[in-house]
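Residue numbers (full-length UniProt numbering), protein chains in the order written: chain A, 1 to 389; chain B, 1 to 389; chain C, 1 to 389; chain D, 1 to 389.
We put the beta carbon where it would ideally sit given N, CA and C, even for glycine.
For reference, the structure is listed below as structure tokens.
Structure (structure tokens):
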């Protein structure tokens, strides 16, 4: 009997990076997805070694993604991969994603979705045409506390929004480590591989996405400054942006990769006319909620807390006090994606909870964010730059 | 081709509790284990529904564990389960564990290992006789920060130890919720199902285990007081113990289930002649390290931190700042257990890192802890009670 | 015109210690007290130097407290000291306090109030006979957050109390520094100067007082263990006690001076049938308040917070977010004492807020605490020891 | 015999505000200053009541500051005030300060120093001409942790600086409370009384000063946006600025008075090539210190910590773990000012530690900050505005 599990193929994600194994664990955790094949590296021997480590049979470990799609599509439908996850450098997102869609396979792709905005728009059109599902792993949107925050803001608990602070400081690129091997800095600081932005492409996009996802509002204009602090680096490693959003909301975005002492310290604070909410990723299972003239509330995340919204509960696995983390946030994106794909296969409508993952439209806006902040951030003359469509 | 993955069967863990799904995710995450069968509840319809939810075919969903072992052992070796995980109330740990071992299957069992110390000793003897592997899920020993703490203490970074504070406050039993349905309180507060101790069996054992695991020292004597604060409850829901350990170390253990505002707030602080270390489970990816006359150090947990020990690194999945949590701690126990079983099957010696999971001897000492603290804690006459062997 | 300020004389508190200057700042801050004279050390030259540093004229700097009282009483009433503050080692509290009272002067004395319980009772009788005012500086009772906590507990916000954890870990005596000069360890670890208890006299008394003050309940029985971890030290430097209080409340007290990494980390957590409150001195301007099934509340301390009680507000100086600390807690004791003395001088009744400072009865109970814990803590045979009256 | 204490007169600071009493406590705490006279309000009856509460004789309580200076200068030198502290709304700083200097009296004035930059420059010239001492109470520069941070940065512990984040969020003006009485919002939101800026004048100046004080670098250019979120308010209540400082350092300043849930949450983070330091005012007695590849250090503030600099130690009153706060930070400014004045009177040179308080030059730069941020912040056309001299 055929397993009901979705069958996943992987492009990239070999043992030499860390993010592939994270995606894999997140995908597997819910017992709704199984890894059936992959091309884990552009180097065949690394791909082979990685696939074997992941317990794949040799005949499902491929040397190129082109080979993978060609060979998989030839398998009986109950054996072949249902979707691909793409965890390569940015310049290798577009082609395998297009090829997957052309072969009728769904796609999960790491962020930023593509190398350029042009690619993003083509991909968006392809998704529309094929009706297939594409998820972009803006992982922070997968945290249950973020879901709770979004739900409360949507429900008006803060009143009309006014001010947002979102930031993502890191310190790991404070030195020019990209000229050494053995780390993940190389392609991220090379514009030919990562695209127009460095810091802003890698982590600024996360901060921007969190800001729009939680508030439900879009950025309209931006005044920014990008910086390269490390000599010799050909791309931004730091930057700030004042952002004007819909409904008069003002947001301040700061991202840096030279902020020594910060690992992945993304946080967001949202202030409205009636109250505020704050979330910090490195301590992810709580929200700080304030209204005027009352004690501060710490809203803890846990399956047994009756005060949490349905949207948050749907994305929680443990009772209070048993921390969930980064892999579970990824797993929420994979689980919701898998349920949506399953509904699609069954000809059913996915629920709003199932559809709650970043999709191709988020991916396009992410590329527009990069275009806009690069345009605004390296320009001393024009103060306010409109969102680049 | 046969998958290299270990095949897991499950006893208990149906959808009505939460802990079964936690075990399952932890087991699956590393792609080294697959769920192949289970008897998820003593109610056949719950078992059936749970198994289907877990994507099992109907012919591998059983109505009793006796049926499960009988049917599985009849399957070809490459199909049948390799080990069982037992996540039932305490009074149903012993029989399925014994039956599994008798059928040549390895065992993972939740803590406390058995209903009584007598059962524990029989199980210990059976494990010895069969040479099979048994793991007890004292989950807190699975956290990488705990591994780091143990490693540093073993290496003498604190000097000779003096004083330990370990505590596990919870608040969920502050009211007599066990008389209502729909929660996990029922069997935990019923001595016929949970054994001699309530609070001390459920969470006191965790605190005790953390204390002995991290320090590498054993408790010798105990002076204790157990309490039942909630009227009508026939078992302890709170207690404290002063414990005299090997080498003159004094430990203070406090556990409570009526401490409103605490979810699973287990923490441990260890003081030696030269320094101290502190860990708090609800914020699990850091250690506080102090020596005299120097600033406090926060030792963060992350795969990219060069100052962490090999033992900790072995149990880390993410780079710094991307929190791991409760499920990953469980996953470390499952992963190390699985690697040990695989080595066993291959006739190889597992490494020290693989063997780093709580085993049947921890299980026996856990039952002795319960015996000792019950003897000491309800007794106003004798101050110091020796460890019950 | 005579100033309306109270005139203070000082015994002890010279420049070689730190606590004298703390008392002085606390006394002066509210402009209700002025320093007019003192005998700051048993060494005349240190007394002289200290007095001059404190801007006293030479004729009000004395070489002995006997001389001070004799000379001051001979001054016109509008010039002479109104009260004395005694900040000497414990063995020199009793005599100057008695002499002050005999001369009609009020007294502020550091804790523990005396060297022995016998002295304490004599002093209590003398206070009663003279009708004069005596304050004991159990400083932690002076924090506004502690006042808020007491008020809420008294008002029943936690329901009937069940369990208290109070602890005071320090690390500064982890080595035998008392054999060197230049620190405050000498007399504190010498039973001839400090009394029967070391750690428990110096800081255990603070923890005990906080426990009784906040709960409004008295300790009835104690089961304890005292320890001396540092070789050669003739007195306890660590200990724990399980305490049975009125109304069935169980308290756990832990104090240590060998807990490296802790400075003055006194904290208290109180659990009742309906909720809990927690306070930590090193972060003193907040309370953590929990009831079942609701988010945690952080109750911040600030003059502009409408949800705070009158008792707390009376003891607050700054708006929220501008931290008050240790000196202000002392200042609350001095301010309330001064207002009580002023009312006494004016023949008026002080208000309940004015009388809210530790008095001679707290001092006597503090000495009984020391007697009880020493009796219980060095005794392996008797489990429960009744409070020593 | 004349007391060696400095004699203080007060302008403003009556009982209806809170800041006067804060200044008074800070001034008195060290026993180096005494309050001898004052004009506490423009309303004579409030001035009278306040002066009596502060224990002044009626003949030293004045109805106007003009009367105060005229009457005091007529007193014998050993009786009359030595300096004035001015704690009035901003539009009443300049005249009493000028009059004090004209009468040979030193000055302490709250920030911002004056109503306009023009006034500030005149005052600066007057101070230069008279050789008298003027302090501006940028209180956050008085915290010992800030002193430690400045010292370490000056010593190069962070390497060359790159990036600074400084912010001061408050929430108390989220509603238009200035139209009600009984709060301090009225004059702060009225441009006729507070000057060109609201939020930026009241708290933005603090953030800016902290940034320049700690880094030792000056702002050169600014790109800013000011906002008024509360309808009807005629002045900014929120704003952000990207600031280019000397040596290529980029600073981001955010201040807000509509950020509900924040009281006085000023914080600063400074990143250099080698490390970083972070300080948060609401938990003021610690610094977070990071270098690459090492555990985080928490540098606690306490008189007994050998790793602290001389500059910090000079400004510490308590041992570690006994928190100092806002009033002590003020007291450091008063103490250093008083010692400088005393040296001036004695014809001696004050030490560098004594001179470590914000002076008239800080005051002028503070007014330039306001000019610059108002010019930049309400202008959508020009991106970068040069510092207004």
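is_contact[residue i, chain D] using C-beta, thresh 8 Å
i	result
residue 149 (chain A)	no
residue 89 (chain C)	no
residue 199 (chain A)	no
residue 263 (chain C)	yes
residue 302 (chain C)	yes
Minimum Cβ-Cβ distance from residue i to chain C less than 8 Å
i	result
residue 227 (chain B)	yes
residue 310 (chain D)	no
residue 142 (chain D)	no
Chain-ordered neighbours of residue i on chain D, where CB pairs are closer than 7 Å
i	result
residue 271 (chain A)	258, 259 and 260
residue 306 (chain B)	293
residue 4 (chain C)	55
According to DSSP, residues forming a beta bridge with residue i
i	result
residue 168 (chain C)	C:255
residue 359 (chain D)	D:135
residue 296 (chain C)	A:298
residue 307 (chain B)	Paired residues: none, contrary to the question.
residue 279 (chain A)	A:268
residue 211 (chain D)	Answer is none; residue 211 (chain D) lacks a bridge partner.
residue 27 (chain B)	Its beta-bridge partners do not exist; DSSP assigns none.
Proximal residues of chain C, C-beta to C-beta of residue i below 8 Å
i	result
residue 283 (chain D)	283 and 323
is_contact[residue i, chain B] using C-beta, thresh 8 Å
i	result
residue 55 (chain A)	yes
residue 384 (chain C)	yes
residue 1 (chain C)	Per-residue confidence for residue 1 (chain C) stands at a pLDDT of 36, beneath the threshold of 50, marking its modelled position as unreliable; the derived number appears in the next sentence. With 8 Å as the cut-off, residue 1 (chain C) does not count as an interface residue toward chain B.
residue 290 (chain A)	no
residue 252 (chain C)	yes
residue 380 (chain C)	yes
Partner residues on chain A for residue i, Cβ-Cβ distance less than 7 Å
i	result
residue 299 (chain C)	295
Beta-carbon separation (whole angstroms), residue i vs residue j, contact threshold 8 Å
i	j	result
residue 46 (chain A)	residue 14 (chain A)	5 Å
residue 240 (chain A)	residue 254 (chain A)	5 Å
residue 123 (chain D)	residue 114 (chain D)	6 Å
residue 221 (chain D)	residue 387 (chain D)	7 Å
residue 303 (chain C)	residue 316 (chain C)	5 Å
residue 86 (chain A)	residue 11 (chain A)	5 Å
Under 8 Å from the C-beta of residue i: neighbouring residues of chain B
i	result
residue 287 (chain A)	Near residue 287 (chain A) there are no residues of chain B at all, since even the closest Cβ is about 15 Å away, more than 8 Å.
residue 318 (chain A)	18, 22, 325, 326 and 327
Short CB-CB distance (under 8 Å) between residue i and chain A
i	result
residue 242 (chain B)	no
residue 371 (chain D)	no
residue 211 (chain D)	no
Relative to chain D, which residues along the region 323 to 341 of chain C have a C-beta separation below 7 Å, given in chain order? Going along the region 323 to 341 of chain C in chain order, one finds 323, 324, 325, 326, 327 and 328 with a Cβ nearer than 7 Å to chain D.
For the region 24 to 51 of chain A, list every residue whose C-beta sits within 9 Å of some C-beta in chain B, in sequence order. Residues of the region 24 to 51 of chain A with a C-beta less than 9 Å from any C-beta of chain B: 24, 25, 26, 28, 29, 30, 31, 32, 34 and 35, listed in chain order.
Of the residues that make up the region 144 to 175 of chain B, which ones have a beta carbon closer than 9 Å to any beta carbon in chain C? Of all residues in the region 144 to 175 of chain B, 158, 162, 163, 165, 167, 169, 171, 172, 174 and 175 have a Cβ within less than 9 Å of some Cβ in chain C.
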